[in-house]
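**Q** Starting off with a structure, shown below.
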Amino acid sequence: MADESYFLWAYAGVNNTLAGNGGPECIGAVPPLQRALETILFTSIGLLEIYIAYPHVRLQATPVVPSTMHRAGRRLLIAFMCLTFGIELGFKFATQQMIWILNPCHLVTMIQVL
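Note that my numbering has the sequence shown beginning at 291, numbered continuously upward.
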């Protein structure tokens, strides 16, 4: 049997008494049928988009780098993004709210850094 406190570091700082932050009211906010229908609908739309777009995707032999973007500017931007993201991670660890690192804004930042 798994220890319940194993992932406590990830969600311990989440206040379930606030509306929208979890709890039974959050779980029951959307009926199961609606969740199933939305999952089927949006998964179908996503797969259709992939099916339509895939034949048009081409990889270039050499990457195109705009001449207006200077290497120093790119490096400075990536340094600031990494610094900001590191501060966000530190705050999430300190307040035990790592679950929020899965929000789309944080995921996009991770992708941009890569």
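Note that CB positions come from ideal geometry on N, CA and C, so glycine has one too.
What residues in its chain sit with their C-beta under 6 Å from that of N305, if we drop five residues either side in the sequence?
**A** Your numbering for residue 305 matches position 15 in the sequence shown. Contacts found: N311.
**Q** Using only CA atoms, which one of H396, F381, A384 lies nearest to M371?
**A** As a position in the sequence shown, residue 371 is number 81, starting the count at 1. Out of H396, F381, A384, H396 has the C-alpha closest to the C-alpha of M371.
**Q** So what's S334 in DSSP terms, helix, strand or just coil?
**A** Looking up residue 334 in the sequence shown gives position 44. DSSP places S334 in helix when its eight states are reduced to three.
**Q** Quick one: give me the first and last residue of the alpha helix (DSSP H) that F297 is part of.
**A** For the purposes of this step, residue 297 is taken as the residue at position 7 of the sequence shown. From DSSP, F297 is part of no alpha helix (DSSP H); its letter is neither H nor E.
**Q** Taking only three categories from DSSP, how would you classify A319?
**A** Taking the sequence shown and counting its residues from 1, the one referred to as residue 319 is at position 29. Coil, per DSSP.
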